[in-house]
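Visitor: Would you mind keeping the following structure in view while I ask a few things?
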Amino acid sequence: MPTLFPDNYEIANIARRKKLARNLKLNNELSALDIALHAHDIFDYLTGHGVEKLNSAFVLLFQYAAEALGVPYEIIDEAFFTQTSLSEEELFAVSYLFNPNAKIIDKQDLPIVPITIDFYSMCLSLFDELPTSFWKDYVKAEALLPETKLDAYDLEKLLQAFVQQVWLKTKDSIGKAEGNEIEKARQMFLAYFYRNDQKFYRKETQDMLLGLLENKIAEQVEEAFVIDDHFQKLLDEGDSNSICAYVIDHLTDWTDEKNYLRFLRSIPKTKNLSL
Numbered sequence: 696m697p698t699l700f701p702d703n704y705e706i707a708n709i710a711r712r713k714k715l716a717r718n719l720k721l722n723n724e725l726s727a728l729d730i731a732l733h734a735h736d737i738f739d740y741l742t743g744h745g746v747e748k749l750n751s752a753f754v755l756l757f758q759y760a761a762e763a764l765g766v767p768y769e770i771i772d773e774a775f776f777t778q779t780s781l782s783e784e785e786l787f788a789v790s791y792l793f794n795p796n797a798k799i800i801d802k803q804d805l806p807i808v809p810i811t812i813d814f815y816s817m818c819l820s821l822f823d824e825l826p827t828s829f830w831k832d833y834v835k836a837e838a839l840l841p842e843t844k845l846d847a848y849d850l851e852k853l854l855q856a857f858v859q860q861v862w863l864k865t866k867d868s869i870g871k872a873e874g875n876e877i878e879k880a881r882q883m884f885l886a887y888f889y890r891n892d893q894k895f896y897r898k899e900t901q902d903m904l905l906g907l908l909e910n911k912i913a914e915q916v917e918e919a920f921v922i923d924d925h926f927q928k929l930l931d932e933g934d935s936n937s938i939c940a941y942v943i944d945h946l947t948d949w950t951d952e953k954n955y956l957r958f959l960r961s962i963p964k965t966k967n968l969s970l
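Numbering (my numbering), first residue to last: 696 to 970.
This is the structure in structure tokens:
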């Protein structure tokens, strides 16, 4: 129960909270305050509640918590990135909805810090290390042939989750830091990835990430589509009878889940209902 926020602080957002719980298949609804207080360990928190697609869930939850509590989204987002826990006192202090004396956070430029961490190489290694399932979590449900186009991905959520992975890798590379090493790394991290208002990515960094993502998608497509050498030979020879015989012999290939889903996604585009 809240001690500073009113007991009914979520009353205007009950329907939205219930919808979130349904979409995430939760047995129990999560309150906005609980979400914000667990922003620093949100993955463990959601796992404990049985949430499966963690990467695509936390952004929606953070957006809900920020609006329901009336706090800047950046407060919760930074707690997530830096894995620094928030208190109800800290949240209430900046709640423009419930605290008449709320501190309005001025938009200030980030301090100028020399960036000595090689974030670019870190991004390159993560694109190799992260499993295919990480990227697939952000494919839009309505996408056609999602593995081939950037537009088929929810890029806002994907980039945010990826940058979080960069921060975790940054902390791991520092090890057991003493003094203000973590804070120095955080300042470098923010300066490298974000504009001064911390709401948007630096254009150069965003373009770099999208370029790497496009390359990653192309690699996955190349790996996914392997043409049967014998079938390719039949196509090259143009033997229609042999091609028909081959297709009939391989009709059961359509029962493969990946192929069948690809066919279903093609229907709205091609209007191909012949099968």
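The C-beta atom is built at its ideal place from N, Cα and C for all residues, glycine as well.
1) Leaving out five residues before and five after V766 in sequence, what residues of the same chain have Cβ atoms less than 6 Å from its Cβ?
2) Would you identify the three-state DSSP class for I709, choosing helix, strand or coil?
3) Which class does V858 belong to by DSSP, given the choice of helix, strand or coil?
4) In or out: T865 buried (at least 16 other Cβ within 10 Å) or exposed?
5) With distance defined between alpha-carbon atoms, name the residue in D924, L728, I869, Y768 nearest to I812.
6) Starting from I972 and walking both ways along the alpha helix (DSSP H), at which residues does that stretch end?
7) Does the Cβ-Cβ distance between L647 and E762 come in under 8 Å?
8) Roughly how many angstroms lie between the CA atoms of E878 and Q859, to the nearest whole one?
9) Do L929 and S937 have their C-beta atoms within less than 8 Å of each other?
10) Distance, Cα to Cα, F818 vs E899?
11) Taking its Cβ as the centre, do 16 or more other Cβ atoms sit within 10 Å of Y889, making it buried, or is it exposed?
12) Report yes or no: do three or more beta-carbon pairs, one from the segment 719-736 and one from the segment 763-782, lie closer than 8 Å?
13) What's the call for F776, buried or exposed, on a 16-neighbour Cβ count within 10 Å?
14) Mind checking whether A707 and I810 have CB atoms under 8 Å apart?
15) Under a Cβ-count criterion, where at least 16 other Cβ atoms within 10 Å of its own Cβ denotes burial, should L845 be classed as buried or exposed?
16) How long is the line joining the alpha carbons of D934 and L715, rounded to whole angstroms?
17) Under the DSSP definition of a beta bridge, which residues are partnered with V834?
18) Span of the alpha helix (DSSP H) holding Y704?
19) Is it buried or exposed, Y683, if we count other Cβ atoms within 10 angstroms and call 16 or more buried?
20) Should E914 go down as buried or exposed, given a rule of 16 or more other Cβ atoms within 10 Å for buried?
21) Can you give me the C-alpha to C-alpha distance between A734 and E773, rounded to a whole angstrom?
22) What does the Cβ neighbour count give for D804, buried or exposed, with the cut at 16 atoms within 10 Å?
23) With DSSP run on the structure shown, which of helix, strand or coil describes Y768?
Guide: Taking the coordinates as given:
1) L786, V789, S790
2) helix
3) helix
4) The C-beta of T865 has 16 or more other C-beta atoms within 10 Å across all chains shown, which makes the residue buried.
5) Nearest of D924, L728, I869, Y768 to I812, Cα basis: I869.
6) In the structure as shown, the chain starts at 696 and stops at 970, and residue 972 therefore has no counterpart that could be examined.
7) Residue coverage of the chain in this structure runs from 696 to 970, which leaves residue 647 outside it and unanswerable.
8) Roughly 16 Å between the two C-alpha positions.
9) yes
10) Phe is not the amino acid found at residue 818; the sequence shown has Cys there. The straight-line gap from Cα to Cα measures roughly 14 Å.
11) buried
12) Cβ pair count under 8 Å is three or more, so yes.
13) buried
14) no
15) Taking all protein chains shown into account, L845 has fewer than 16 neighbouring C-beta atoms within 10 Å of its C-beta and is therefore exposed.
16) 55 Å
17) Y848
18) Taken as a continuous stretch (DSSP letters only), Y704 belongs to no alpha helix (DSSP H), as it is neither H nor E.
19) This structure leaves residue 683 out entirely; the chain is present only between 696 and 970.
20) exposed
21) 9 Å
22) Bear in mind that a pLDDT of 44 at D804, under 50, signals an unreliable position, so the number given afterwards is only what the model happens to contain. Classification of D804: exposed, given that the 10 Å Cβ count is below 16.
23) helix
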